[in-house]
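I have placed the structure first, in the form of structure tokens, so that the comments after it can refer back to it.
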Amino acid sequence: MEAILSDPAGAVIGLDFDGTLSPIVPDPAKAVIHPKAPEVLADLGAHVLAVAIVTGRPAATALELGPGLADVPGLVVLGHYGFERWEGGRISAPPPPPGVPRAEAELPLLLDSLGLDGVAIEDKGRAVAVHTRRSPDPEGALAKLREPLAELAEKHDLVIEPGRMVLELRPPGMDKGHALSLFLAERAARSVMFAGDDLGDLAAFDAVRDSGLPGVTVCSGSAEVTALAERADIVVDGPEGVVALLAELATAFTRP
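The sequence shown begins at 383 in our numbering and counts up by one.
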């Protein structure tokens with residue numbers, strides 16, 4: 383943190399979206415960014431090397447759910463765990479993998495065969511997520527789905543990304559840690575902060591540790607996932623705490 387404060391022009395601030403900048407909600411389509419986050423990130427963006435949102439969401443979806451994010455100076459959104467990139471109003475990405483739509487086509491029949499109610503399928507373009515949060519027994523449904531979804535993923539050359547009441551089928555070869563590492567090298571960063579809340583963010587925590595840079599990891603704490611809190615340098619109370627921490631940082635940059 384001292385390195386970030388003393389040399390903000392060399393700092394990359396990396397952030398997850400859901401559960402970190404946006405509260406977790408039963409329906410992912412109804413998620414919305416913390417109302418103060420865009421302004422706080424804009425303040426940060428005026429001082430640091432880069433602000434990067436690293437998310438499993440499509441980049442365009444994160445921007446839709448975060449009005450004002452597109453105006454953050456120098457913002458980069460690494461969507462689909464880094465397969466996709468939004469910067470300066472443009473999205474770049476490789477062609478979508480064929481295994482995702484094939485797996486998605488098989489999911490309704492699979493869920494029906496397991497007799498699961500309240501389980502939702504989310505089409506994420508380059509990935510497909512199965513949410514159990516609205517099921518009568520979310521944890522039980524998640525446990526029942528793990529093996530069948532792992533078999534389906536293997537069949538279509540995909541991998542499983544576990545999360546908070548969700549299992550996501552996505553292409554292999556990229557994760558938040560790899561995406562963050564590549565971005566740090568690209569920008570020749572001199573320090574790094576990363577804030578996340580879920581299991582997929584552990585790879586980014588590893589990237590901070592392995593970067594060789596002065597770095598700090600922040601957990602957006604919740605009762606659902608404790609693994610990040612055990613690994614984080616700083617634990618705050620959900621998105622409200624993340625935004626408050628970032629606001630303190632932005633204020634510190636402007637002090638004489």
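Where is the CB? At the ideal position from N, CA and C, for every residue including glycine.
Taking Leu627 as reference, the option from Pro530, Glu606, Thr599 and Arg569 with the minimal CA-CA separation is Thr599.
Collapsing the DSSP output to three states places Val590 in a helix. Its Cα nearest to that of Asp580, the residue Pro405 stands out among Leu387, Pro554, Pro405 and Pro390. With 16 or more other Cβ atoms from the protein chains shown falling within 10 Å of its own Cβ, Ile386 counts as buried.
DSSP lists Arg467 as the beta-bridge partner residues of Ser474.
The residues Val501, Pro520, Ala523, Leu524 and Met547, in chain order, have a CB closer than 6 Å to that of Thr514 in the same chain once the five nearest residues on each side in sequence are set aside. Assignment of Thr633 by DSSP, reduced to helix, strand and coil, places it in the helix class. Taking C-beta separations shorter than 8 Å and ignoring five residues to either side along the sequence, the partners of Arg569 in its chain run Val394, Leu431 and Ala432, following chain order. Cβ neighbours of Lys526 within its own chain (closer than 7 Å, five residues either side excluded): Leu496 and Leu498. Judged by their CB atoms, Val624 and Leu551 are not nearer to each other than the 8 Å cut-off.
Listed in chain order, the non-local C-beta contacts of Val414 below 7 Å within the same chain comprise Ser404 and Leu447, local neighbours out to five positions each way being set aside. Using a 10 angstroms sphere on the CB of Pro490, the tally of other CB atoms stays under 16, which defines it as exposed. Buried is the label assigned to Glu543, since at least 16 other Cβ atoms lie within 10 Å of its Cβ.
Sixteen is the threshold: when 16 or more other Cβ atoms of the shown chains lie within 10 Å of the Cβ of Ser573, as they do, the residue is buried. Look at the stretch 401-440 and you find these whole runs of alpha helix (DSSP H), each 4 residues long or longer: 419-427.
Residue pairing by DSSP leaves Phe399 without any beta bridge partner. Judged by their CB atoms, Ala444 and Val454 are not nearer to each other than the 8 Å cut-off.
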